[in-house]
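To start, the structure under review is shown below, and the notes come after it.
Number of protein chains: 2
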Amino acid sequence: MTARKENSTYSLNEKFITECDLTYAANKIGGRWKIVILDKLGNRKLRFGELKKEFPYITERMLTLQLRALEQDELVKRTVYAEIPPRVEYELTPMALEFLPIFCQLSAWGKKNKALKKQADLKGNLP
Amino acid sequence: MTARKENSTYSLNEKFITECDLTYAANKIGGRWKIVILDKLGNRKLRFGELKKEFPYITERMLTLQLRALEQDELVKRTVYAEIPPRVEYELTPMALEFLPIFCQLSAWGKKNKALKKQADLKGNLP
DNA sequence: GTCATTACTTACAAATTTGTCTGTACCACA
DNA sequence: TGTGGTACAGACAAATTTGTAAGTAATGAC
Chain A
1 MTARKENSTY
11 SLNEKFITEC
21 DLTYAANKIG
31 GRWKIVILDK
41 LGNRKLRFGE
51 LKKEFPYITE
61 RMLTLQLRAL
71 EQDELVKRTV
81 YAEIPPRVEY
91 ELTPMALEFL
101 PIFCQLSAWG
111 KKNKALKKQA
121 DLKGNLP
Chain B
1 MTARKENSTY
11 SLNEKFITEC
21 DLTYAANKIG
31 GRWKIVILDK
41 LGNRKLRFGE
51 LKKEFPYITE
61 RMLTLQLRAL
71 EQDELVKRTV
81 YAEIPPRVEY
91 ELTPMALEFL
101 PIFCQLSAWG
111 KKNKALKKQA
121 DLKGNLP
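Going line by line, the protein sequences match chains A and B. For the first sequence, counting from 1, position 13 maps to 13 in full-length UniProt numbering; every step adds exactly one. For the second sequence, counting from 1, position 118 maps to 118 in full-length UniProt numbering; every step adds exactly one.
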């Protein structure tokens with residue numbers, strides 16, 4: 001993304017990652033926030049402040065940064081209304097909507113295996 | 001994961017993330033390498049060295065670290081043979097196998113949208 | 001006794017990600 | 001003139017992730 005020592009393995013790996021279909025996709029939703037932001041948006045259109053309320057402890061800075069990145073990647077559409085106080089709404093692009101069923105499955109995996117782990121931990125394999 | 005200022009938003013967010021089904025799952029396969037490692041393993045059983053060859057520029061250190069983390073999360077099973085030179089084989093656990101169909105879909109998303117982006121870029125929306 | 005092979009480990013350093021805190025712009029309303 | 005609401009921006013700092021470089025351990029082959 002930024003200027004960097006060419007031919008470091010870091011850059012070479014980055015290249016590998018954008019060329020592979022799987023990691024190309026994974027990269028778009030990587031990091032701490034992107035995937036949940038997309039998921040919470042879902043089919044809705046939310047204002048910045050509404051979105052913020054979905055995440056109890058996210059900072060405004062982080063939310064802004066993530067939304068900008070998602071906008072850059074054309075996963076989120078940002079609409080600014082010329083009003084005071086400002087109103088800005090966010091919604092998913094068609095491209096991002098295609099992620100939703102995948103998120104459902106990931107979520108199902110999480111639900112299932114989180115429960116299984118809890119069970120196992122109770123039976124004495126405590127960490 | 002580590003000791004840390006309690007009640008920083010960092011920790012509070014971490015908690016939020018492990019409690020949410022979606023991010024619980026996303027976290028298991030997050031980072032630069034985990035998802036591809038799992039995908040490359042697939043249904044196979046590979047030695048450390050074989051796995052390494054799948055990623056042209058990964059360092060041994062990174063591969064080791066990621067495999068250990070995956071082992072900890074019970075997504076990968078590690079088998080050590082008492083031989084010299086050492087032989088260690090890695091394979092997915094049943095839990096991790098359930099990820100594979102999801103990876104397929106992510107991969108399909110990547111393939112499609114990478115191609116679309118390429119097209120769009122050629123038509124003049126170059127970045 | 002030296003070397004090759006394999007799967008690592010360790011100390012260190014660079015880069016990226018995430019968070020803290022403060023400040024701004026705009027206008028309506030009191 | 002001052003306050004409130006909304007959606008940010010910027011400087012700085014902490015934490016995590018990823019990479020660099022070098023070394024280890026065991027043993028069988030030469």
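Virtual Cβ for every residue (Gly too), placed ideally from N, Cα, C. Keep in mind the model is a prediction, meaning the values are calculated, not measured.
Chain A has a Cβ within less than 7 Å of the Cβ of B/I35. Counting along the chain, no alpha helix (DSSP H) covers A/R87; the unbroken beta strand (DSSP E) around it starts and ends at 87 to 92.
As the crow flies, the alpha-carbon of B/R68 is around 33 Å from that of A/L67. Taken in chain order, the complete beta strand (DSSP E) segments of 3 or more residues contained in the UniProt domain "HTH hxlR-type" (20 to 118) of chain B are 76 to 81, 87 to 92.
Shortest Cα-Cα distance from B/C20 to any of A/G124, A/E74, A/K112 involves A/K112. The closest CA to that of A/T93, considering only A/K77, A/K34, A/L46, is found on A/K77. Counting C-beta pairs closer than 8 Å gives fewer than three between the segment 51 to 65 of chain A and the segment 96 to 115 of chain A, which falls short of the contact rule. Straight-line spacing of the CA atoms in A/T79 and B/T23 works out to 27 Å.
When C-beta distances to chain A are compared with 8 Å, the residues of the segment 75 to 108 of chain B below that value are M95, E98, F99, P101, I102, F103, Q105, L106, S107, A108, in chain order.
For a Cβ distance threshold of 8 Å, residue set L106, S107, W109, G110, N113 of chain B lies close to A/A25, ordered along the chain. When the alpha-carbon of A/W109 is set against those of B/L65, B/M95, B/F48, B/G31, the nearest one is in B/M95.
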